[in-house]
Amino acid sequence: MKRKYTVIIEKDEEGWLVSDVVELPGCHTQARTMDELIKRTKESIQAYLEATEASDISEEFVGIQQIEV
């Protein structure tokens, strides 16, 4: 059964794209291109799921806000 995950993508100071999977704490990766980042993120998710018990996975993503201060 396929599941959808929320991925936050940012660019670091050196120009690398960095992904962080919201529902899977500590599941993140980086790449130079978006295509490579998506591929590596999927691989990271698969590795995380193989190494983690289902009870450790959060099901409650609420949302993302941008706040200007």
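Number 10 in the numbering used here belongs to position 10 of the sequence shown; there are no gaps in the numbering.
We treat Cβ as the ideally placed atom computed from N, Cα and C, and that holds for glycine.
Endpoints, beta strand (DSSP E) assigned at Q46 = Here residue 46 is taken as the residue at index 46 of the sequence shown, counted from 1. Q46 -> not in any beta strand (DSSP E); alpha helix (DSSP H) instead, spanning M34 to A51.
With a 10 Å radius around its C-beta and 16 neighbouring C-beta atoms as the bar for buried, classify I8 as buried or exposed.
-> Along the sequence shown, one-based indexing puts residue 8 at 8. Exposed, by the Cβ-count rule.
Could you check the C-alpha separation between T52 and S44 for me, to the nearest Å?
-> Looking up residue 52 in the sequence shown gives position 52. Looking up residue 44 in the sequence shown gives position 44. Those two C-alpha atoms are separated by around 12 Å.
Assign L24 to one of three DSSP states: helix, strand, or coil.
-> For the purposes of this step, residue 24 is taken as residue 24 along the sequence shown, with counting starting at 1. Of the three classes helix, strand and coil, the one that applies to L24 here is coil, per DSSP.
Below 7 Å between beta carbons: does that hold for R40 and A47?
-> By one-based count along the sequence shown, residue 40 stands at place 40. By one-based count along the sequence shown, residue 47 stands at place 47. Contact flag unset, no.
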